[in-house]
Amino acid sequence: DPLVVPVRIREKPSYRHRCICIEGSCSQEHAINMVDYAAKRGFNAYFLQFRNSYTFFERWYGLEKNRAPRKTPFSVGQADRIHAAVKQAALQRGLILQMVGHGWTCEPFGIAGTEWSPTKQKIPASVKRYFAEVKGKRELWGGIPLNTQLCYSNPRVRSIMAREVADYAGKHKDEQIIHVWLADGANNFCECGNCRKQRHSDWYVKLMNEIDALLTARKLATRIVFLAYVDLLWAPVKEKIRNKDRFILMFAPITRSYTLPFAARRKGKPEQISQYSVNKLTFPASPEGNLRLFRGWQRAFGGERVDFDYHLWRAWVSDPGQMEQGPILHADARSLKDLGMDGFISCQAQRVSFPTGWPMHVLGMTLWNRDENYGAMAKEYFRDLYGKNGPGILRYLKTISRLFCPSYLRWEQQTPARTRVALARWRRIPALVNRIMPVIRRGCSGKDPVTTHAWSLLRLHAWYVLETVRLYTLIARKDKRATGAYARFAAGLDRHLPELHDVLDTWMVKGIAQHAMYTAKIPFEEHIAV
3 DPLVVPVRIR
13 EKPSYRHRCI
23 CIEGSCSQEH
33 AINMVDYAAK
43 RGFNAYFLQF
53 RNSYTFFERW
63 YGLEKNRAPR
73 KTPFSVGQAD
83 RIHAAVKQAA
93 LQRGLILQMV
103 GHGWTCEPFG
113 IAGTEWSPTK
123 QKIPASVKRY
133 FAEVKGKREL
143 WGGIPLNTQL
153 CYSNPRVRSI
163 MAREVADYAG
173 KHKDEQIIHV
183 WLADGANNFC
193 ECGNCRKQRH
203 SDWYVKLMNE
213 IDALLTARKL
223 ATRIVFLAYV
233 DLLWAPVKEK
243 IRNKDRFILM
253 FAPITRSYTL
263 PFAARRKGKP
273 EQISQYSVNK
283 LTFPASPEGN
293 LRLFRGWQRA
303 FGGERVDFDY
313 HLWRAWVSDP
323 GQMEQGPILH
333 ADARSLKDLG
343 MDGFISCQAQ
353 RVSFPTGWPM
363 HVLGMTLWNR
373 DENYGAMAKE
383 YFRDLYGKNG
393 PGILRYLKTI
403 SRLFCPSYLR
413 WEQQTPARTR
423 VALARWRRIP
433 ALVNRIMPVI
443 RRGCSGKDPV
453 TTHAWSLLRL
463 HAWYVLETVR
473 LYTLIARKDK
483 RATGAYARFA
493 AGLDRHLPEL
503 HDVLDTWMVK
513 GIAQHAMYTA
523 KIPFEEHIAV
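So the sequence shown is numbered by the numbering used here: it starts at 3 and just counts up by one.
Structure representation (structure tokens):
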């Protein structure tokens, strides 16, 4: 057949680990769509947090889907079935399954750990004795099991946890990588005399070695991810991982700024890093400060290491144009190898493609080939999406990002002077949107359904931009009219949910707006709260 041209492509990805982690609010359809996209865009793994990802599905089926503040009942059994379907979808596409994460500090002790909320479950004294002692008490941290650390110097605690991990691995042999994390939260570790004899990262490494011994005895090849996160960013000084091939170190700099990439250096003096002191830690904000702590782990562990990062968890909401996020993602993905990392796990909402899928495209392409040129990728992507108008739309979205002052919206630079700068820039946004609207309307009348849909999303995005800037202008001024503006914004997101649900996590957007209202001490009606 003269139309058939044989092609052979041989490529090797830049990074071994290229994973998307479930977060935010999502349905079965949303999660499977992400799995399908991941396999096509060069990712090779999907991470379903917890044992059934209940909390992420409950946010959609219990709240967001119905566009109402009152929850619709959603059961653990429903989550089990959805979780199984998503897991099967990942396996069918050849993706590596990464599983669990938090929960090992409560589930082995008979305490449910499905979501970050206080439990109504009565905790027996026989279990409370294993809790971390903080300020002389052993009790649930804020009433939330997932945030409650244990007394890791207690051999019984480690033994119960290690057996649970080994039992789980034996029953789930199709899950190649299991994450074994401690509790969430910070400055909540055990202060008892025995625990103080070593850093908590030392006790954590001791637990990892005990898990490895059990897995080895049972001839299980499961790999274990352990993490450097908040208090555990301070590396161990005594204990060492014995079998480095079993483990993957996960560096999780959740407190970092997303204004600069890892490779950049901010002006002025380097950020001061606090000395390790139990439950008295201050966590670094700069990428550079976080990397200084990571280097301690590099010295302590010579196996594979990955960056577990949060660009698309919440930070994306502060950048409606998506054009601040794109270069940061590209720079961070490019620099991983130089920083001594073997890949990236993106902890993210599953619906972050509004108005385009540009950040996801950048991440997938750069993890596959770290030498991808950002500018060339952008020109090609926007030309494919918007045709001859691609360069103009790219410039428009870059301007939207710049005018929105994303770092200000992320509360990184909240000073009176910065507020004045932000307000001045925000005043320019409505005129910018109005100028581009004739072009968007013409695009929406095209004949190609895919291109027309892209233009339709851009038209809806114009509404979103105007409502967002109106709301945050009132919040920045601490104007009580923000209460009504938020109600209007939330109602608009609900009204447009049928058009938006595939590309925008409205649960996340509302929750972050609510947080801004709360911080500014402006009353609001909780409408699908984070």
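Each residue gets a CB set at the ideal place from its N, CA and C atoms; glycine is no exception.
These figures come from a predicted structure and were not determined experimentally.
| Asked | Found |
| --- | --- |
| CA-to-CA distance, threonine 224 to lysine 175, given in whole angstroms | 7 Å |
| Close-in-space but distant-in-sequence residues of the same chain around threonine 521 (CB under 8 Å, 5 per side omitted) | Trp413 |
| Leucine 99 beta carbon less than 8 Å from that of glutamine 30 | no |
| Cα-Cα separation, isoleucine 419 to serine 161 | It should be noted that the sequence gives alanine, not isoleucine, for residue 419. Rounded to whole angstroms, alanine 419 to serine 161 spans 54 Å at the Cα level. |
| N-terminal and C-terminal residue of the alpha helix (DSSP H) that alanine 456 is part of | 451-478 |
| As assigned by DSSP and simplified to three states, the class of glutamate 306 | strand |
| Uninterrupted beta strand (DSSP E) stretches inside the region 219-292 (no shorter than 3 residues) | 225-231, 249-254 |
| For isoleucine 442 and alanine 433, the rounded distance between their alpha carbons | 15 Å |
| Residues of its chain near glycine 366, where Cβ-Cβ distance is below 8 Å and the 5 sequence neighbours each way are ignored | Arg20, Ala40, Arg43, Gly44, Phe45 |
| Cα-Cα separation between valine 467 and isoleucine 256, rounded to whole angstroms | 27 Å |
| Cβ-based burial, glutamate 382 [other Cβ within 10 Å; buried from 16] | exposed |
| Nearest-angstrom beta carbon gap, arginine 372 and alanine 333 [assumed within contact, 8 Å] | About 10 Å; that fails the 8 Å criterion. |
| Which of helix, strand or coil DSSP assigns to serine 409 | helix |
| Limits of the unbroken alpha helix (DSSP H) element including glutamate 501 | 499-502 |
| Integer Cβ distance of valine 511 from valine 319, believed to fall under 8 Å | 6 Å |
| Cutoff 6 Å; reference arginine 258; Cβ partners in own chain excluding five residues on either side | Pro289, Asn292 |
| Beta-carbon proximity check, glycine 105 vs leucine 148, cutoff 8 Å | yes |
| Per-residue DSSP class, three states only, for lysine 139 | strand |
| Validate contact between the region 49-62 and the region 200-217 using beta carbons, cut 8 Å, 3 pairs | no |
| Between the CA atoms of threonine 368 and glutamate 374 - distance to the nearest angstrom | 6 Å |
| Proximity to glutamate 273 [Cα-Cα], best of Ser447, Gly144, Tyr154, Arg294 | Arg294 |
| Spatial distance of aspartate 186 from threonine 150 (CA atoms) | 7 Å |
| Beta-carbon proximity check, phenylalanine 228 vs tyrosine 260, cutoff 8 Å | no |
| Nearest-angstrom beta carbon gap, isoleucine 180 and threonine 125 [assumed within contact, 8 Å] | The sequence given here has isoleucine at residue 125, not threonine. Actually they are not in contact, since the Cβ atoms of isoleucine 125 and isoleucine 180 sit about 26 Å apart, beyond 8 Å. |
| Other residues of its chain near valine 239: CB distance less than 7 Å, five sequence neighbours each side excluded | Arg201, Asp204 |
| Separation of methionine 343 from lysine 271, as counted between CA atoms | 26 Å |
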